[in-house]
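Protein chains in written order, with the working numbering: chain A, 0 to 454; chain B, 0 to 454.
We put the CB at the ideal spot given by N, CA and C, even for glycine.
Since we're looking at a predicted model, the values are computed, not measured.
Below: the structure, in structure tokens.
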């Protein structure tokens, strides 16, 4: 018998301090609306002096364990995905395990698997699928798995990437017969292309980013993955033909959000592709004109061409698009617009946002995921929201966390960014919280990061 | 119905040049037997000027595809594990995919998943289990998966790690009803402890290694994982009680080999633990004396204590140990002793060595795996050798590759080690082979590694 597996609960961790987008715009001498409207970002989460990707991951993992009264023996894996982890050989998951053992007891997690998955921002989605498959295969010897996506998106001061910075971790609790939503493995589509839109040679401390080009890669890979997803839907009889709309079948959608406006681009591109053969398209085409020709253009060139961007802009102003966007996508951006980019965590912050901000009845709705990672790969997959979701959604608590943060001025932000503050000089000193305690200086622990639960 | 999944075929790639252990010993002014006997290493694989972990992985993946006449559409995942990859954000798997597309056509792999798994030397075993679970769950839409372990073990010139260096990649072809061996998921045991025996802070280009301490961590984690494996065997009725021997149930064993002598330590420690309650132990204890007390010592302290090491040495000289070791383990070290350390690939080179060097009838034998990664985690798991293994084993071809290599002198080795040779100055210029072609220097591709199939 097929096991129904999926996401039982979600917990997020967001640093307690943030920079206001308007403050950043003023300091950089740019029009604030370029950040708030152009990118869709209102606040940027900034990790405090004692935080890194590992402490954030451990905080999210601890919260999901406490909220669900889980014991270490209930878990088969603590599996973390990141592209801003502390170590090139030892997985971040193992650092997280060590932190959790400070709370649950030394050796309490010695039965778990703890690998790290790397694939830029799509890493946590890859990890989630692998852990779900492990449960579905019947191989797991525990009740649950935890997958965490954790990242700090950090770019140079004054760079074009600076206003998209952010930081967050999301922990997913995975199990059989989950309360939140059941995964639909039969439809999942992948779209993977070896590309260089964003990469970080191992010898560099900052990534090399081609922003515009990356938008094109995102759209291209998402189309390949969506086509695969649609074919699978046809093969399983959920759609009659490839000309039917798959977006019709989804009630909610969360996309990876490097900046919220990107999600609008993505969804518009998605819909243009999905609706092209529907009867309604005739009316839309009359209103906005025909799609520009892609003749002679490679996929990415087409997606970043002025002609296509203009066309998509016109489409994004139609009431058909606006209705779909408001109905299915807009709510996913509540948290990302208050956090900034969080790489692997981003698409799951979108899911948490949906559950926390929607008042309507979500039961039995299909929730679609459009997860993208540079380099590059997209995964399009979906879940069915379960009746017990209400109970779970009530306790996600992400919005409350976001509401309790403290705004910091630009000079303090720059001090943190440039690592001018010591580990003991946090803006909000850690309390009941994991913290980076010290960094090894001896020959046998040079550069090693020691973590501690601060009571 | 339970699907039988496992390893259908294995392909290895080893650089075409090597350094002789005796040459290295002479150059470093040490007794050659310290390397050849003390470590068990005869030759050290050295990557040529055009090689890195990505080219080696692509070579192993290409070989397994060609040998089995696979097309890209036959594969669901190209999943690579490494701790010496080129990129901190983009997975090495995606670079490998790009190389394979140079042979199979642009876009031919756009349907695959391509994540990277990181957990020091145990990474490929983690990746293998996840891909097998994916097939076992029925979620795979293709016939096969490829998992590659690829690594370059490199330490400073004149350092104590230098004589253990090596380089290799191993590709595993995974599928339902495999010809080589069927996985036994029900027994798999994990042993994971947050530790700092070997790590590489992201800002460092070389790892920090505590050699002796790491030996202790290896033995501790292996014992935790073996205990879990044994409990699972008891729960499934394969063993009557925890006092029975699990090693009795295995016909062949392959351990992670940072250096072959470590495998002897590991197997002796394994056996002491496994045999402690057997009737035969009385006779052994009479011969070698009682086990030293571990009172007051933490696990790792005990395993690296002089008293325990002496005791294990005496045990390793008994005819009972020697018989088991020769029968089940020794053949796994053929390739590792001619290659050096290859991190994620090592334990799988051991499996390939077994199949290539054993003349006896292996059908229906249980092959045990003891996989270890610093940081730290061990996985103990097993497979059952299938009737069709003979056909597959005949074509592994690793021994032939090892026999065709070219020995290089120490000065040339040092030039390669210190990167004094340009990408076009390879000792054996690449032919029908993937090569690192150039490294980006512009602002938008700074440090990016471009690869090319050289005909």
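Residues near residue i by beta carbon distance below 8 Å, same chain, minus five either side
| i | result |
| --- | --- |
| residue 199/A | 82, 205, 206 and 207 |
| residue 424/B | 48 |
| residue 314/A | 267, 270, 271, 283, 287 and 320 |
| residue 275/B | 290 |
Nearest-angstrom Cα separation, counted from residue j out to residue i
| i | j | result |
| --- | --- | --- |
| residue 24/A | residue 87/B | 30 Å |
| residue 344/B | residue 370/A | 30 Å |
| residue 13/B | residue 334/B | 10 Å |
| residue 292/A | residue 241/A | 21 Å |
| residue 287/B | residue 330/B | 26 Å |
| residue 197/B | residue 374/B | 6 Å |
| residue 203/B | residue 372/A | 25 Å |
| residue 110/B | residue 62/A | 36 Å |
| residue 16/A | residue 341/B | 44 Å |
| residue 8/A | residue 245/A | 26 Å |
| residue 439/A | residue 118/B | 21 Å |
| residue 80/A | residue 120/A | 9 Å |
| residue 243/A | residue 323/A | 16 Å |
| residue 431/A | residue 97/A | 16 Å |
| residue 283/A | residue 237/A | 26 Å |
| residue 94/A | residue 115/B | 18 Å |
| residue 180/A | residue 5/A | 6 Å |
| residue 395/B | residue 401/B | 12 Å |
| residue 421/A | residue 415/A | 9 Å |
| residue 319/B | residue 265/B | 16 Å |
| residue 365/A | residue 382/A | 6 Å |
| residue 397/A | residue 171/A | 13 Å |
Selection from the options that minimises the alpha carbon distance to residue i
| i | options | result |
| --- | --- | --- |
| residue 149/B | 56/B, 121/B, 384/B and 172/B | 56/B |
| residue 427/A | 39/A, 50/A, 19/A and 35/A | 50/A |
| residue 326/A | 354/A, 295/A, 398/A and 251/A | 251/A |
| residue 435/A | 33/A, 9/A, 38/A and 53/A | 53/A |
| residue 433/A | 386/A, 65/A and 99/A | 99/A |
| residue 123/A | 367/A, 346/A and 448/A | 346/A |
| residue 152/B | 210/B, 71/B, 72/B and 257/B | 257/B |
| residue 228/A | 68/A, 367/A and 1/A | 367/A |
| residue 303/A | 226/A, 279/A and 210/A | 210/A |
| residue 362/A | 397/A, 249/A and 299/A | 249/A |
| residue 454/A | 129/A, 277/A, 187/A and 429/A | 429/A |
Residue span of the alpha helix (DSSP H) that contains residue i, given as start and end
| i | result |
| --- | --- |
| residue 210/B | 210 to 234 |
| residue 313/B | 305 to 315 |
| residue 2/A | Taken as a continuous stretch (DSSP letters only), residue 2/A belongs to no alpha helix (DSSP H), as it is neither H nor E. |
| residue 284/B | 279 to 287 |
Own chain partners of residue i with C-beta closer than 6 Å, once the 5 adjacent residues on each side are dropped
| i | result |
| --- | --- |
| residue 112/B | 76 |
| residue 101/A | 452 |
| residue 353/B | 251, 330 and 331 |
| residue 107/A | 71 and 100 |
| residue 177/B | 5, 6 and 7 |
Host beta strand (DSSP E) of residue i (start-end)
| i | result |
| --- | --- |
| residue 143/B | 143 to 152 |
| residue 376/A | 376 to 384 |
| residue 294/B | No beta strand (DSSP E) contains residue 294/B, which DSSP labels as neither H nor E. |
| residue 392/A | Segment 388 to 393 is the alpha helix (DSSP H) holding residue 392/A; no beta strand (DSSP E) there. |
| residue 453/B | 448 to 453 |
| residue 169/A | 165 to 175 |
| residue 345/B | Per DSSP, residue 345/B belongs to no beta strand (DSSP E); it is in the alpha helix (DSSP H), 345 to 356. |
| residue 116/B | 115 to 117 |
| residue 76/A | 74 to 80 |
Close Cβ partners of residue i (< 7 Å) along its chain, the five nearest in sequence each way excluded
| i | result |
| --- | --- |
| residue 139/B | 75 and 133 |
| residue 348/B | 11, 167, 169, 334, 335, 338 and 341 |
| residue 41/B | 20, 35, 336 and 337 |
Proximity test, residue i beta-carbon vs the ligand FMN heavy atom, cut-off 7 Å
| i | result |
| --- | --- |
| residue 392/A | Ligands are entirely absent from the displayed structure, and the ligand FMN is therefore not among its contents. |
- Query: Taking one C-beta from the stretch 156 to 175 of chain B and one from the stretch 27 to 47 of chain B each time, how about it: are there three or more such pairs within less than 8 Å?
  - Reply: Counting C-beta pairs closer than 8 Å gives three or more between the stretch 156 to 175 of chain B and the stretch 27 to 47 of chain B, which meets the contact rule.
- contact_flag[the stretch 251 to 268 of chain A, the stretch 208 to 222 of chain A] where n(CB pairs < 8 Å) is 3 or more: Under the Cβ criterion (8 Å, minimum of three pairs), the stretch 251 to 268 of chain A counts as touching the stretch 208 to 222 of chain A.
- Stretch-stretch touch, CB-based, cutoff 8 Å, three pairs: the stretch 24 to 34 of chain B with the stretch 127 to 146 of chain B: With the cut-off at 8 Å, the stretch 24 to 34 of chain B and the stretch 127 to 146 of chain B do not touch.
- Determine contact between the stretch 153 to 164 of chain B and the stretch 351 to 369 of chain B, defined as no fewer than three beta-carbon pairs at a distance below 8 Å. No: the two stretches stay apart, fewer than three of their Cβ pairs being nearer than 8 Å.
- Item | Selection of the stretch 201 to 216 of chain B by Cβ proximity to chain E, strictly under 7 Å | Structure shown: chain E not included; protein chains present are A and B.
- Item | Sufficient close CB pairs (3 or more, under 8 Å) joining the stretch 388 to 395 of chain B to the stretch 268 to 281 of chain B | Two segments are said to touch when three or more pairs of C-beta atoms, one from each, lie closer than 8 Å; by this definition the stretch 388 to 395 of chain B does not touch the stretch 268 to 281 of chain B.
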